[in-house]
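Chains as they are written, first to last, in the working numbering: chain H, 1 to 449; chain X, 450 to 863; chain L, 864 to 1448. Backbone N, C-alpha and C define an ideal beta-carbon position, used for all residues, glycine too. Down below is the structure, laid out as structure tokens.
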Amino acid sequence: MNRSPLLDDPSAAWSAYDPSTDGSWDLPRVAHLHRRAGFAAPWPILQRDLKDGPGPSIDRLLNGESEGPDGQSAASLDATMHAMATQFAATNNLGRVQGVWLYRMIFTAHPLRERMTLFWHNHFATSNAKVGNTALMQAQNDLLRSHALGDFRIMLSEIARDPAMLAWLDCTANRKAHPNENYAREVMELFTLGRGRYTEADIQQAARAFTGSFVQNDRFKEVASQHDDGEKTIFGRTGRFKGDDVAAILLEQPSCAEFLSAKLYRHFLNEVDPPSPELIAPLAKSLRDADYDIKSTVEMILRSRLFHATASRRRRIKSPVELCVGTIRSLEIVKPTASIDALVQATERMGQSLYAPPSVAGWEGGPAWINTTTTLARSNFVLGLAGKDGGLGNRFAPRTLAERHHASDPSEFFVNLLVQDAFDTNVRGRMRGDGAATLVMTSPEYQLA
Amino acid sequence: MDSSRRDFLKTSMLVSMGAATVPGFLASTAQAAGRAKSNDKILVVIQLLGGNDGLNTVVPHGMDGYTRGRRALRVPTAQIQKITPEIGLHPSMSGMGKLLEDNRLAILQGVGYPNPDRSHFRSQEIWETAKTETGALDTGWLGRALDAAPTPVGGDLPALHVGSRRLPLSFKAKKAEVPSLETLEQYRLQVAGSDADKRTARDSIDAVARLDRGTEDPLLGFLRRSTLAAYDSSKRLEAIASKPLGTSKYPNFGLARRLELIAQIIKAGFGTRIYYTALDGFDTHANQAATHSGLLTELSDSIAAFHADLTAAGQADRVATLSFSEFGRRVAENASAGTDHGAAAPVFLVGPVEKAGLIGEHPRFDDLDDGDLKHHTDFRRIYAGLLDQWLGFPSEPILGPGFTPLALMKSSMS
Amino acid sequence: MLRTLRRGGERLLALGLLLGVPIVATAQEVPGSRWVSNEAFFYAEVPHPVSAIDRATSDRVASLLKAVPGYQKALEGPDVRKVFDVVNLVASQLGTTWDKAARDLTGGGIVVAAEGTNAPDRVFLVMTPSDVAFAEKAHAKLLELARADATSKGNPDPIKENEHRGVKAYSVGANEAHAIVNGSLVIANSGETLKVVIDRALDGKTSSIVEDPSFSERHKQATPDTLAWAFARTDRLRTLDPKRYAAKPDAGATFLFGPWTEAALKGDWAALGLTWTESKMAAELSLATPKDGYSDAMKRYLPAKGSGAPRPVSVPNAIGGASLWRDLSSIWEVRAEIFPPETVQGLAQLDTTAGTFFGGRDFGTGVLGALASRWNIVIADQDFAKMDPVPDVKYPAFAVILELKPDDEEFATRLKSAFQSFIGLVNLGAAQTKAQPLMLGSDSVDGLSISTSRYLPEKGKAKGEPVNARYNFSPSAVQVGNYFVVSSNLQLAKDLVPALKAEPGSTESTLLAEVSGSALASILDRNRERLVMQNMLEKGNAKEQSEGEIQLLLNLLRYLGRASLSAADRDDSAIFNLDFQLDAK
């Protein structure tokens, strides 16, 4: 594996990619962009973006398109999804609520927004296993979506009032006499600063500031009489702080922007080779300079030379949700799409159950996605799509899809659609015949993003 | 949560994967993936839900306390399979009686914990978390054992729950995730078509993963080896499970079917070392006799068939089967020909046991705790013995101090 | 050989479905039926295929079919297209249309039969055209086309010609032979079979099935409206395929259908008639009781004369219901005889559960023994306008009516307390999920006290917030004389009081069930939004697709009108009727 020289030259790494000097805007680059910033893309979108160049392609990902993969307008889908989420959230049927989100990811006209919502779901990892109330989980999901590419400061202050989060972190009675340190600790360790960037004293003091805010009967409550109104000293600042003041102090810490930037780096660029602090510094600076506007930092990543460098390709393992939704979208299985119930089951078997991350730290990701059971589940998902029955089967005809896009050689078409430059000559030579699509999708290379 | 440990593991993995050659950690993972070492010991846990009536399971028919406490429900002495002149097995347990004769069954008497709780939920929590203090519910004893083991990246999962119930608390962990399995389908590559079509399709999928990639990125290499290991497992399982229908020697019980599934996975050489399943229905407050007898038949015949299957496959010496319930029943039967929640009870252990037969005294009838048998052996000493000496996990960090491991199984590791 | 029979059977069945319909008069014999020997093990007739074609191509059915997703697509599929092209080509060469050709060719009726003692040696079909000349012309045309096709491909003549007693026979392979005999087209599974049929047609001497009393007795079942009628000699089928008939029915089938599975396996014959008119679709199946009568265990399933299932109870807003005569305590006694050991063991658990709920009573004698044999289930619509809060998903109400034996007065009290224990248990479960509890209460009607319960409205709920489906339920129980009612909602329990005081009375049937398609449709309609969304997730459909599918379901239910099923046990047979009153509300 060639190490990119950009990794040692942060300013060059984050400067804007220019096709004339940094490698041409070709199919592998277009597909890489969609794999990382969306949920992969169908052939017509790849071709359109290949023609339009990186600028408009990235604009569209950042701002969303006017219609989804089945031609439905973004506004009409949003209305449908809102009605659907409302219907099922109240049923306390987790499978249905998971399904609503998967449905949305498949049909969305703004895949980056859904991807970022998933990113924040992993960041503010909350599980229905403990919350036990899908309406609260759905409300949190709506919250995360509305700020997914917005202002992290607002998101942080709203998540501190989110009933699902508070129930998840045991803030059911955060009283003056018994401040809940667990919550203060998670806010610092997992939401803002990262481990080791604070002292125990900071946690104890912050916990006092959070007293009086808790969840009761599934609603957020602020009880002034239970708030510890005394002076606290946090990160060297002293005052009669409340929860929001703590959040403001945390956001001022340099490590906060560094921590978030490193997470974005891991999500968009590379989850296996840890970046140097120097490489992260420019991203963190941009995040702080933009007052924690997430979109501008994501934009900086997506337009960067490092992002488009060939060495950045396939440095992540697709999460089960990425694999499912991406495959469905690439193969244009949208009219109808696969049974969502079957997809919920498939992602679960691959080790990712939406709204049920294993712990406060979310899904570990990377190689931890892979074991005997999940590997077979990944292959069986693909085989299910290629099959004739079940909730996944009978919706995908490789030949028809290849013909629709005037491809004379289906195997070449599926390699170009799904993995582009990932195969070496030996492997490429094996992709033959009617089963080529299945062979591509069960290959180890296809598991990489 | 213990982030530091996890971060350490993650970092060491990242470092090793960045290296140009295949790092030792990954090489050993891939090698270990799928195929268990032949000396790896396996633990199968069968939890009896509802509180099994220990007194009518291992019956102290010759003791006054029993005959006084049990009138309508007394098992007639003549039908009991005698172990000692005073104690014997319920007549429905002929399968386990045979295991006893073959020195493959140990019965630990008088097992429990201090200050017994008579709520099903609470007592199950105590057995499953191995913690008697309230609030210690975030992890189960086996979950903690799994968390302490290296992350099994790429290979077979270390533990498996078999059945359709929700995941037992015993497996709840901070880091490790244990899947539930109802059928073998999830463990097979599900290709459609005729047998020949299936073989061709499987072979070509397999061949793609097998192809040498020349200069290979370690991440891709890792995926490739994990994929091959998974397909290998699937093939082995296919070979075992493709026996024609009707050749099963298991009785037609739910528990037997679950144990058969576990046996198939073990025989296929999977690296999974801990299996867990349950048998429900032991909460026999009224008209107990027929129900209880039926449950004991299911338990005993199923375990016997499982053991016979493993023996025939040469696997019986690496499998220990533990069976326990959250509590026993009261000594005195109630007015509805049933029994109510009690305390101490016997625990069964099947496999290459160090000492077969009854272990420990039967709890005394003249020293009851509010009408319940008192325990003399803390169940955590059994767990400790299995963890330390059978599975090879240091038990103290998992169970806490003060539980001297019992030497229960032969060829223990220590 | 049996495989060929099965395959043949499938083909015949498919043909039957295609041609599906009525007859002119029962008395009238379908041509060809006399050519079937009384040794046949299977016989089927479509006396009047033209009405079948009329019905299947009626506007109403056509429009229903058109709405079936995939139907239009299937019609446009390459295979179906090819068939249509060939059919149309042939028809146009004959100067007619396929529709008229089908009527002309089948107009006189169709008979299908299978004969043979040790194997299904003879299988044949007799199709009588209304216009013989046209049939001959069509046949000649087909031969010509087939031969022309073979010549153009350089293949040998695919059709062999023979003659038997002056009748010209044709064959297109080892398993096919046909001839036009006395104005009917006979298609047989071999030349040998064809010869036998020709002999019977010319000699008219064979002992024919139509003269066999076991057949003619059953055949009276056919009416002028009968679309198709089939008769099978189960005794002969048993000899042909002993394995299939030796199979033991599973525990569920034994519990539900008891003696009827025994009749299907051990009786000597089965007969099935289908009817389809403008206003009605119906199927009537009769199964012979075993020659030596039912086994002792199964006799316990049969009501004594004059004491069958209770008459359906009528309540306002009824959607449907079922009633059954079943002596469970007597069946319980023989459970070890009729169920496999693992089921018997599972049943033992009931004993323990019953003991817990009914103060130590034994399940068999103490609980089932206290119940009489007449059971009723009622389903009725709810008045949602009167509800507060109104659940988002709206279910109908349902109730189970048990009849108590008069001599065990304490049992009704036990039932009431078991009902209350059950509510308590539900609340225990609800407490774990922080759901609203059910509050016990009481109400009264006609001086009878009703135990009831209701979910308290959630505190602080704003208008327009989702309302849980549990608000459909207000579980209630009431004793009315010898009847004990457990109902999912209070109103239905109240409505049942006067209905039961009026004593519903008994019927001659063992089982009765009915449901109104249009009432069912309006319930679904009320929940349409939810159903559409569920469909979207289950099938991955877009909204419009799902809306279409739900609409189709509603249309189908409305078309089927009122459905009813009955099963009656007579001395010689068990008779099942499934009826759809197509125009009923």
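Completely contained alpha helix (DSSP H) runs for the region 1341-1413 of chain L, where each covers 4 or more residues: 1353-1364, 1380-1389 and 1391-1402
Within chain L, partners of G390 of chain X - CB distance below 7 Å: Residue coverage of chain X in this structure runs from 450 to 863, which leaves residue 390 of chain X outside it and unanswerable.
Alpha helix (DSSP H) segment containing R115 of chain H, residue limits: P111 to H123
A1042 of chain L versus S914 of chain L: straight-line alpha-carbon distance, rounded: 26 Å
Cβ distance (whole Å) where A964 of chain L is taken to contact I916 of chain L below 8 Å: With 8 Å as the limit, A964 of chain L and I916 of chain L do not qualify as a contact, their Cβ atoms being about 11 Å apart.
Enclosing alpha helix (DSSP H) for T837 of chain L [first to last residue]: In the structure as shown, chain L starts at 864 and stops at 1448, and residue 837 of chain L therefore has no counterpart that could be examined.
Touch test, the region 402-418 of chain H against the region 1421-1436 of chain L, Cβ-Cβ under 8 Å, three pairs minimum: no
For H824 of chain X, the first and last residue of its enclosing beta strand (DSSP E): That residue, H824 of chain X, is in no beta strand (DSSP E); it is neither H nor E in DSSP.
CB contact check: K1324 of chain L to chain H, cutoff 8 Å: no
Enclosing beta strand (DSSP E) for L1144 of chain L [first to last residue]: According to the sequence displayed, residue 1144 of chain L carries Met and not Leu. M1144 of chain L -> beta strand (DSSP E) spans K1143 to A1151.
Segments of 4+ residues assigned as alpha helix (DSSP H) that fall wholly inside the region 1086-1135 of chain L: You should have 1097-1103, 1105-1109 and 1114-1129.
DSSP three-state assignment for E1007 of chain L, whether helix, strand or coil: DSSP places E1007 of chain L in helix when its eight states are reduced to three.
Assigned exposure category for R432 of chain H - 16 Cβ within 10 Å defines buried: exposed
Residues bridged to S1427 of chain L [DSSP beta-bridge criterion]: Paired residue(s): L:E1377 and L:D1442.
Boundaries of the beta strand (DSSP E) in which H610 of chain X is found, first to last residue: A608 to V611
Any C-beta of chain L under 8 Å from that of L475 of chain X: Any reading at L475 of chain X must be qualified, since the residue scores a pLDDT of 37, below 50, and its modelled position is unreliable; no value is offered.
Same chain, Cβ closer than 8 Å to G467 of chain X, neighbours up to 5 away in sequence not counted: Caution is warranted here: a pLDDT of 33 is assigned to G467 of chain X, below 50, making its placement in the model unreliable, and the coordinate value is therefore given only provisionally. Correct list, in chain order: P667.
Beta-carbon proximity check, I1201 of chain L vs T1117 of chain L, cutoff 8 Å: yes
Neighbouring residues, chain C, relative to G1403 of chain L (Cβ below 7 Å): Here chain C cannot be found, since the structure's protein chains are H, X and L.
Short-range partners of chain L found in the region 412-431 of chain H, where Cβ spacing is below 8 Å: none
Residue-level contact to chain X via CB, V187 of chain H, 8 Å cutoff: no
Residues that R662 of chain X contacts on chain H, provided the C-beta gap is smaller than 8 Å: Result: D424, N426 and V427.
Closer than 8 Å to chain X by CB, N1290 of chain L: no
First through last residue of the beta strand (DSSP E) which encompasses N1025 of chain L: K1023 to H1027
Minimum length 4: unbroken alpha helix (DSSP H) runs contained in the region 248-279 of chain H: 254-268
DSSP state of R314 of chain H mapped onto helix, strand, coil: The answer is coil: DSSP assigns R314 of chain H none of H, G, I, E or B.
Beta-carbon contacts of G243 of chain H that lie in its chain and below 7 Å, excluding the five residues immediately before and after: A160, A209, F210 and S213
Residue range of the unbroken alpha helix (DSSP H) whose run includes Y680 of chain X: P667 to A690
Cut-off 7 Å between Cβ atoms - residues of its own chain near R553 of chain X, not counting five sequence neighbours on either side: H756, V799, G800, V802 and A805
3 or more residues per run - each beta strand (DSSP E) lying fully within the region 1024-1087 of chain L: 1030-1034, 1040-1044 and 1047-1051
Stretch-stretch touch, CB-based, cutoff 8 Å, three pairs: the region 1110-1129 of chain L with the region 1044-1052 of chain L: no
The alpha helix (DSSP H) enclosing P1175 of chain L, as first and last residue numbers: Per DSSP, P1175 of chain L belongs to no alpha helix (DSSP H) and is neither H nor E.
Three-state class that DSSP yields for F905 of chain L in the structure shown: strand
For W898 of chain L, the nearest candidate out of L:G1403, L:L1301, L:G1229 and L:L1065 (CA to CA): L:L1065
Pick from X:A738, X:V768 and X:L669 that is closest to I715 of chain X, judged by C-alpha positions: By alpha-carbon distance to I715 of chain X, the top candidate from X:A738, X:V768 and X:L669 is X:V768.
Any C-beta of chain X under 8 Å from that of E1026 of chain L: no
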